[in-house]
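One structure is given below, encoded as structure tokens.
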Amino acid sequence: MAELIQPGYRHSLTFQGFRRGIRKDLFSVPLLVSFFLPLTEKEKHQWKQNGTDIDLTMSYHYRLLGGSLAINNPHKKQDIGTYQCLVTNSFGTILSRKAKLQFAYLENFETKARSTVSVREGQGVVLLCGPPPHYGDLSYAWIFNDNPLYVQEDSRRFVSQETGNLYIAKVEPSDVGNYTCVVTNTEAKQSVQGPPTPLVLRSDGVMGEYEPKIEVRFPETTLAAKGSSIKLECFALGKHGRDYLSCKFNFIVKYPERSDMNDAAQILYD
Numbered sequence: 001m002a003e004l005i006q007p008g009y010r011h012s013l014t015f016q017g018f019r020r021g022i023r024k025d026l027f028s029v030p031l032l033v034s035f036f037l038p039l040t041e042k043e044k045h046q047w048k049q050n051g052t053d054i055d056l057t058m059s060y061h062y063r064l065l066g067g068s069l070a071i072n073n074p075h076k077k078q079d080i081g082t083y084q085c086l087v088t089n090s091f092g093t094i095l096s097r098k099a100k101l102q103f104a105y106l107e108n109f110e111t112k113a114r115s116t117v118s119v120r121e122g123q124g125v126v127l128l129c130g131p132p133p134h135y136g137d138l139s140y141a142w143i144f145n146d147n148p149l150y151v152q153e154d155s156r157r158f159v160s161q162e163t164g165n166l167y168i169a170k171v172e173p174s175d176v177g178n179y180t181c182v183v184t185n186t187e188a189k190q191s192v193q194g195p196p197t198p199l200v201l202r203s204d205g206v207m208g209e210y211e212p213k214i215e216v217r218f219p220e221t222t223l224a225a226k227g228s229s230i231k232l233e234c235f236a237l238g239k240h241g242r243d244y245l246s247c248k249f250n251f252i253v254k255y256p257e258r259s260d261m262n263d264a265a266q267i268l269y270d
């Protein structure tokens, strides 16, 4: 991280738009990289990309707007990297911290067929999503037998928004069929579907009752900014119902008082 040359200034870089990336459909929209510094007199601004000075006079691609760097029609190969602003006046020179510019993307799934998952009736199962290479936040959903409606979460079924996996606590005959994971890059506004995963029932009997086994766990420590919300995922395979949910709720009441609870996850507020 770059160090402050002139003491007393607070400085940072921000990208106007997305927190982590740039949508592919916004390539034609100028990107503005802002630099905040208390103005005392006329300053000279110079920008660096990956440690190299940007020539602001040689191309329409870059221009200064009140000290901020505007990038017209940003391109991944040309504009990806780190940016710093160098400001000079009669009192000295200051170099901003680095800001990283990355482009959101989502590749396709591999076309290789997925193996059939075979379970007994009454047994719990996890269907793996395995998202393709990407950059940016993802959301997950599952399609069952080409049904236009996504699989709905309930006391038996849960879709992890951390891994994308589909969890079925206790398989019933109506669950037999093909399951397809749908991955959406929320920043690139792009979705792709994986190859279907067949789920079949074994013919060697019904699974007996067994104690719930927690498959989705939240980390021991979760950091959150004041005033923000967090979602802690927790789901178990096996036979469970409201008793399980009550135990889960009692386990985490030591956290902030305001909370919303659904069948599969606990949402807490600071």
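Read left to right, the sequence shown gives residues 1 to 270 (UniProt numbering). Just so you know, even glycine gets a beta-carbon here, dropped at the ideal spot from N, CA and C. Given the structure is predicted, the values throughout are model-derived calculations rather than measurements.
Distance, residue j Cα to residue i Cα
{"i": "Cys129", "j": "Val183", "result": "9 angstroms"}
{"i": "Tyr62", "j": "Phe103", "result": "18 angstroms"}
{"i": "Pro132", "j": "Ala188", "result": "14 angstroms"}
{"i": "His45", "j": "Asp154", "result": "56 angstroms"}
{"i": "Gln78", "j": "Leu101", "result": "11 angstroms"}
{"i": "Ala141", "j": "Thr52", "result": "43 angstroms"}
{"i": "Ala113", "j": "Val192", "result": "16 angstroms"}
{"i": "Asp137", "j": "Leu65", "result": "30 angstroms"}
{"i": "Ala169", "j": "Ser139", "result": "21 angstroms"}
{"i": "Leu56", "j": "Tyr135", "result": "29 angstroms"}
{"i": "Asp204", "j": "Leu223", "result": "46 angstroms"}
{"i": "Ser229", "j": "Leu149", "result": "28 angstroms"}
{"i": "Trp47", "j": "Thr186", "result": "30 angstroms"}
8 angstroms Cβ cutoff met for residue i and residue j
{"i": "Pro195", "j": "Thr111", "result": "yes"}
{"i": "Val125", "j": "Val119", "result": "yes"}
{"i": "Gly81", "j": "Asn108", "result": "no"}
{"i": "Leu237", "j": "Tyr167", "result": "yes"}
Residue i burial status per 10 Å Cβ neighbour count (16 or more: buried)
{"i": "Pro74", "result": "buried"}
{"i": "Gly227", "result": "exposed"}
{"i": "Val151", "result": "buried"}
{"i": "Ser96", "result": "buried"}
{"i": "Asn72", "result": "exposed"}
{"i": "Thr93", "result": "exposed"}
{"i": "Phe91", "result": "exposed"}
{"i": "Leu69", "result": "buried"}
Run of the alpha helix (DSSP H) containing residue i, from where it starts to where it stops
{"i": "Gln193", "result": "That residue, Gln193, is in no alpha helix (DSSP H); its beta strand (DSSP E) goes Gln190 to Gln193."}
Contact with chain D by residue i, beta-carbon distance below 8 angstroms
{"i": "Ala104", "result": "The displayed structure is made up of one protein chain only, and chain D is not part of it."}
Residue i - containing beta strand (DSSP E), residue span
{"i": "Lys100", "result": "Ala99 to Leu101"}
{"i": "Lys76", "result": "Where Lys76 is concerned, there is no enclosing beta strand (DSSP E), although the alpha helix (DSSP H) it sits in stretches over Lys76 to Asp79."}
{"i": "Asn185", "result": "Gly177 to Asn185"}
{"i": "Arg202", "result": "Thr197 to Val206"}
{"i": "Thr221", "result": "Looking at the DSSP string, Thr221 is not in any beta strand (DSSP E), and its letter there is neither H nor E."}
{"i": "Thr163", "result": "Thr163 -> no beta strand (DSSP E), and no H or E assigned at all."}
{"i": "Glu153", "result": "First-last for Glu153: undefined, no H or E at that position."}
{"i": "Val119", "result": "Val117 to Glu121"}
{"i": "Gly51", "result": "Taken as a continuous stretch (DSSP letters only), Gly51 belongs to no beta strand (DSSP E), as it is neither H nor E."}
{"i": "Gly92", "result": "Gly92 to Leu95"}
Cβ-heavy atom distance, residue i to the ligand COA, below 7 angstroms
{"i": "Ala70", "result": "The model depicted lacks the ligand COA and carries no ligand whatsoever."}
Task: Sufficient close CB pairs (3 or more, under 8 angstroms) joining the stretch 171 to 187 to the stretch 135 to 152 - done: yes
TODO: Indicate whether the contact test is met: 3 or more Cβ pairs, each with one atom in the stretch 195 to 204 and one in the stretch 155 to 162, closer than 8 angstroms.
DONE: no
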